[in-house]
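Worksheet: one structure, shown below.
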Amino acid sequence: MTTPKRTERIPLRVVKGGFQPADQSCVARLRDKGFRTGDLVFVEFKKPRNPGFHRLAHAIGRLCAENIEAFEGMDAHRVLKRLQIEAQIGCDEMAIIVPGVGKCLHLIPRSLSFESMDEADFQETVKGFCRHIAKQYWQGMEPEKVEQMAQAMVGE
């Protein structure tokens with residue numbers, strides 16, 4: 188089975204009356220794709236997320252890797268993917284047939300990258316991480332406290 192190729196997204200900057208490539212790298216990528224002045228194109232607009240909140244998510248991954256035995260030896264990114272599956276948040280679902288077992292639900296963590304997930308979905312996913320960690324690993328701790336601990340790690 189082949190994985191469908193994800194459409195490349197090229198950042199554009201809003202200018203008076205239009206949009207322009209965000210930097211010279213974007214200009215080159217557009218040129219390589221054969222776009223020329225005057226071409227008609229179809230676009231999907233997404234405003235990038237807050238970088239600080241993205242750092243917070245990775246700090247949550249580090250917090251778990253450094254303080255929860257179940258995540259020992261994992262990097263922050265792998266921790267986040269595992270949390271997505273465990274908490275069933277920020278995932279796509281696919282039903283698969285397992286011989287001798289039957290139909291099973293397979294969870295596929297969505298990308299948390301800037302261009303892949305919008306701010307609202309990302310914030311809900313991060314808050315879901317904190318709820319899951321508080322419930323599953325640090326019983327008695329409020330999800331907000333988990334977020335505060337990770338926030339303290341962002342500046343490190």
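All the letters of the sequence shown, read from the start, carry residue numbers 188 to 343 under this note's numbering. All C-beta atoms in this analysis are idealised placements derived from N, C-alpha and C, irrespective of residue type, glycine included.
R265, enclosing alpha helix (DSSP H) - first and last residue: 263-274
The stretch 307-318 in contact with the stretch 213-225 per 3-pair CB rule at 8 Å: no
The stretch 286-299 touching the stretch 259-272, judged by at least three CB pairs closer than 8 Å: yes
Distance CB(V313)-CB(A321) smaller than 9 Å: Their beta carbons are not under 9 Å apart, which means V313 does not touch A321 by this criterion.
Assigned exposure category for C251 - 16 Cβ within 10 Å defines buried: buried
Proximity winner among E306, Y324, V341, E195, relative to F229 (alpha-carbon distances): When each option's Cα is compared against that of F229, the closest is E195.
I295 - containing beta strand (DSSP E), residue span: 289-296
Start and end residues, beta strand (DSSP E) containing E253: E253 -> not in any beta strand (DSSP E); alpha helix (DSSP H) instead, spanning 238-254.
Proximity to V201 [Cα-Cα], best of A215, M281, I283, F232: The shortest Cα separation from V201 among A215, M281, I283, F232 belongs to F232.
Rounded straight-line distance, which links the Cα of S303 to that of Q211: 22 Å
Classification of L292 by the beta-carbon crowding that lies within 10 angstroms, buried from 16 upward: exposed
Host beta strand (DSSP E) of M328 (start-end): M328 -> no beta strand (DSSP E), and no H or E assigned at all.
Simplified DSSP assignment, three categories, for M188: In this prediction, M188 has a pLDDT of 47, which is less than 50 and means its spatial position is unreliable; nothing more can be read from the coordinates.
Other residues of its chain near M261: CB distance less than 6 Å, five sequence neighbours each side excluded: A252
Chain B within 9 Å of E334, Cβ atoms only: Although the question refers to chain B, the structure presented lacks it and comprises just one protein chain.
Pair within 9 Å by beta-carbon distance, F309 and F258: no
Beta-carbon proximity of R242 to E306, cut-off 9 Å: Annotated as distal: R242 and E306, with beta-carbon spacing of 9 Å or more.
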